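To start, the structure under review is shown below, and the notes come after it.
Residue numbers (my numbering), protein chains in the order written: chain A, 2 to 363; chain B, 2 to 502; chain C, 1148 to 1504.
Structure representation (structure tokens):
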């Protein structure tokens, strides 16, 4: 176990809600609809709920497994020893680093396609990453703060969902449950990229003041995410035709196109810009988790690691170009995340429970 | 106190020549022509008086001191002391003390010119204006008293409002040369001790030669002195000062400054006028919300104009398109230059208005506003749509009740405009992100500055953007971590209301 | 120290950024295209016409017209750019018109450029023009430019219920939908440009049109609409105009097992706006209601026959059918549709008759 974290650094349990939500809601929410309908078509909102229940289970496992002031690195070290445990930890750090990179890259892609085709990634990236550095440098308190505000302020965007309902075809959702369980499960697997990132919980866990109380809030956080996703998918499903939605890359942004208010038309430009506030917590929390992991594993100075990692993120962002490559990478990381969350963590839980039982009986 | 005195001595030895005995002291002082040193003969004896005539009230000297000495002859200083009806009289041999006291308006009285021992009598000349109406934080209703330059009057104004023994005043001296008195006020048993200690510690650590106003203290002891945001709230209202003391805050006063400082402060306080508490909570809340929106409007509207006109013409409603384009068509400048030009004009007007005497300033403001505005539109330098926007933004920035915050708001608009020019709407949002991250990082005396927004504390929300009735605000702000969290019991508050209604 | 470093870094970034980076589109330095029209010319080519409003200082607006032929629409834009004094920008496009001949060839390929371009809104109105779109766009419309005028014309007609709501999004929706076919307003040019019925599409191809007189009934078969006027003819003495304040459509499925019979129930609540026969009594109302029901039923049957004959489904019956039936098969529906029995059932209720008896 590392140095215990002083009480003043810890966060109130209910802020876990915002941590979980802010890291789950990201670029995925702008585009998940067209992927998720592939198997379950317009029953896919059920798949969203199924995927959400999966997340609930993992959260439950997390709170069962972790004790106060303990993170995943402690457990891995205890179970697999210094080297193997360290290797696993290192992989997780890399995973979060890639997650952070892809969040930024997907966002910049949207900006390139929708707003500024000529924008230089390097230049926008630097601007963005200095901001990320500024947040992380302020410590976990500020990271949580930006997660909180990054959840609360963009809530106003949810109200924009009312506008597309003017063109709603509600019968699109009927008949409900017209697909096999297999189709639903396949669709919910597609959902995973959108729900990824919440495994940062395993790293920021020791920063929670009363982890027992936080358990409920973590579940609320996931619940809130699910509600948002289901709402957005439902609105998209009644707005688009099934064949039409498959041809649209960013259905949520497409819905914003229809918004016309007396003082502003074409809301998508405001929406995309505001989305920076959603991406920021997404990036900072994963990057913080990644650098925190490096500190726990190798006792690196976190301030320095952040700078190194930010440079890596920047270079990666500049190098990954073109829609095809970006979606390929996000596909890969989605798959890795899927196995990590739904296979590795339950596995770790089972092994750890057995290990504890054996140790106790001794 | 002791510690401070020691430090002072050390400082002095570094900087100024120190007299070794009384003769040297007198000789040194005599070089200044407002120093009086003479033999005074009264009916039965002669005494030696030394003092600065610019610091001593001669009326006290003649009426209270010398007249009482005439009745009989005094053989010792102790006897003299008894017959002088002034409260602060002390006998001393300490040269340094003599020097310090004389510089504060004491009269040195000795029986003989070469006596080592002397009597120090307090007879300071206090030239100060009368208590007047607050000008910076003016309120239509409520008390009309404002702090003065005299710290004693200020303390009096506060203590009159809080006649309790728990109100503590800790006096410190700051400034190598000015030796200004700084008072730290707090209510013992309410204010968090850690906060009090932090304040005193930080004030003690101030190393500066002159301190003429409390705003020096703000700049020096702020947690992040580089931030454009003021992190200590200043007020000229004694009622506000005493109200925040009961909340558990700490008030800092400096001699010579009509502004007291309030610590720790949070962001929302800078947007609440004290008059809000004199108004019905519904109305006060409505005003606060208006103020809040006007601040947001003031910061964002020009950047949004620049962003929209430079990049996002799609956002403009089709019915507004004609108006905007016709007004812009003759303007040769890109939106960014147009905006900067007008913003600077407004800043110029404000600056000119602030530096000139009130009456002239007003005229300049009105004339400048109308003439320059209309002329620049007619000349085709700016569009009239922008003129309206900028004027509104300027107006909105003046709704902030705290002057220091108003300045900040007007200033942070400029980086927003520049970034909006670079990235359009995205730039506006990104600069907004920088702003909130900066606010998140700020602390005031180590307490979060962005509270109660973050960390979110519902209890403190009751008196932030909206104000709940007094009966609901029964607890002291969580931000302050007070020793006594309850102000008055909730039941009492509601009960009282029942009878009244 | 840290803040200072960050500030310095930021200002460097800002400084660098003024040089490189983003393409600026300053609103008054653009030619904002408000309307485009496409006409078929010989071969594979398309003649494109665009209308650009020119805002005068005295608030008057004139329209500039550019026109050229090409195969691709973007190519067309590119060619037209050579004629314009400012870059053409399509972000504020309000109206897209196609001429009848071009629409007959199919719009699928043409429409692509509009749904691919992020700067275009989804509320762009589409219309089919009898004759040449250039003529529609070059016409003078008082002090409005043609794009704004046409857009306002479409909008007010949709609000008044004379044509069903159409825009780029809905057109695309119906185009992709398996259980619906698109339709667009049809414009004809006489001494005025006017909306003259509804153009019907079989998927992407224009196949026929409904006359303006049938739009009320067509609207009522599609779904909710309001404010339109239906003339009830009962001879010179007893004719009346009824405006609907509310109308809704419900579909009922009859027929054994297979649901091979559809009933479209239309309920209309109306107000008498005009009556030639003097005093209105209960009996008169009843009679007007009955005549209106009869006339509408006749029209509805004509419309439905036409639609089934053309094998098109602008009413979206396929989608409705799909939503009510599990184990639905699109293939089967396509076979079934031309022969399915569709009965319109109209129910009119007169609620008020103005401020006179």
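C-beta: ideal position from N, C-alpha, C; glycine also.
All figures in this text were calculated on a predicted structure; none of them were measured in a lab.
{"Asked": "Cut-off 7 Å between Cβ atoms - residues of its own chain near residue 26 (chain A), not counting five sequence neighbours on either side", "Found": "226, 229 and 279"}
{"Asked": "Segment limits, beta strand (DSSP E) that includes residue 156 (chain B)", "Found": "Premise fails: residue 156 (chain B) lies in the alpha helix (DSSP H), 152-162, not in any beta strand (DSSP E)."}
{"Asked": "Per-residue DSSP class, three states only, for residue 191 (chain B)", "Found": "coil"}
{"Asked": "Beta carbon of residue 367 (chain A) nearer than 8 Å to that of residue 281 (chain A)", "Found": "A question about residue 367 (chain A) goes unanswered here, because the residues of chain A that appear run from 2 up to 363."}
{"Asked": "Burial state of residue 262 (chain A), where buried means 16 or more other Cβ atoms lie within 10 Å", "Found": "exposed"}
{"Asked": "Distance cut-off 7 Å: residue 1290 (chain C) Cβ against heavy atoms of the ligand GDP", "Found": "Absence of the ligand GDP is noted for the structure shown, with no ligands found whatsoever."}
{"Asked": "Cutoff 8 Å: residue 1461 (chain C) Cβ touching any chain A Cβ", "Found": "no"}
{"Asked": "Residue 118 (chain B), DSSP secondary structure in three states", "Found": "coil"}
{"Asked": "Three-state secondary structure assigned by DSSP to residue 1483 (chain C)", "Found": "helix"}
{"Asked": "Straight-line gap, residue 83 (chain B) to residue 73 (chain B) (C-alpha atoms, nearest Å)", "Found": "12 Å"}
{"Asked": "Chain-ordered chain B contacts of residue 315 (chain A) [CB-CB under 7 Å]", "Found": "Correct list: empty, because the minimum Cβ distance to chain B is about 16 Å."}
{"Asked": "8 Å Cβ cutoff met for residue 436 (chain B) and residue 413 (chain B)", "Found": "yes"}
{"Asked": "Residue 1 (chain A), buried or exposed, once every other Cβ within 10 Å from all chains shown has been counted against 16", "Found": "This structure gives no information on residue 1 (chain A), because the portion of chain A shown stretches from 2 to 363."}
{"Asked": "Neighbour-count burial assignment, residue 485 (chain B), 16 or more Cβ in a 10 Å radius", "Found": "exposed"}
{"Asked": "Residue 6 (chain B) at chain C interface by Cβ criterion, 8 Å", "Found": "Confidence in residue 6 (chain B) is poor, its pLDDT being 43 and thus under 50, which makes the residue's placement unreliable; the coordinate value appears in the next sentence. Closer than 8 Å: no."}
{"Asked": "C-alpha distance - residue 86 (chain B) paired with residue 92 (chain B), whole-angstrom precision", "Found": "15 Å"}
{"Asked": "Burial state of residue 131 (chain B) (16 or more Cβ within 10 Å)", "Found": "exposed"}
{"Asked": "Residue range of the unbroken alpha helix (DSSP H) whose run includes residue 97 (chain B)", "Found": "96-103"}
{"Asked": "Coil, strand or helix - residue 364 (chain A) by DSSP", "Found": "Because residue 364 (chain A) is not part of the residues shown, which for chain A are 2 to 363, the question remains open."}
{"Asked": "The beta strand (DSSP E) enclosing residue 1397 (chain C), as first and last residue numbers", "Found": "1387-1401"}
{"Asked": "Neighbouring residues, chain B, relative to residue 147 (chain A) (Cβ below 7 Å)", "Found": "438 and 441"}
{"Asked": "Nearest-angstrom Cβ-Cβ length linking residue 1362 (chain C) and residue 1488 (chain C), presumed shorter than 8 Å", "Found": "That pair is no contact at about 24 Å."}
{"Asked": "Interface residues of the region 123-137 of chain A facing chain B [CB-CB below 8 Å]", "Found": "125, 128, 129, 132, 135 and 136"}
{"Asked": "C-alpha gap between residue 92 (chain A) and residue 120 (chain A), whole angstroms", "Found": "33 Å"}
{"Asked": "Which of helix, strand or coil DSSP assigns to residue 1500 (chain C)", "Found": "coil"}
{"Asked": "Buried versus exposed, by CB contacts within 10 Å (16 or more), residue 1172 (chain C)", "Found": "buried"}
{"Asked": "Option nearest residue 1470 (chain C) by Cα separation, candidates A:240, A:149 and A:172", "Found": "A:172"}
{"Asked": "Cutoff 8 Å; reference residue 6 (chain A); Cβ partners in own chain excluding five residues on either side", "Found": "70, 207 and 208"}
{"Asked": "Simplified DSSP assignment, three categories, for residue 356 (chain A)", "Found": "helix"}
{"Asked": "The region 1269-1285 of chain C: positions lying closer than 9 Å to chain A by Cβ", "Found": "1269 and 1270"}
{"Asked": "8 Å Cβ cutoff met for residue 1299 (chain C) and residue 1208 (chain C)", "Found": "no"}
{"Asked": "Chain B within 8 Å of residue 1454 (chain C), Cβ atoms only", "Found": "no"}
{"Asked": "Chain B contact for residue 1293 (chain C) (CB, 8 Å cutoff)", "Found": "no"}
{"Asked": "Backbone CA spacing between residue 180 (chain B) and residue 53 (chain B) [nearest angstrom]", "Found": "17 Å"}
{"Asked": "Within-8 Å CB hit, residue 217 (chain B) to chain A", "Found": "no"}
{"Asked": "Cβ-based burial, residue 40 (chain A) [other Cβ within 10 Å; buried from 16]", "Found": "buried"}
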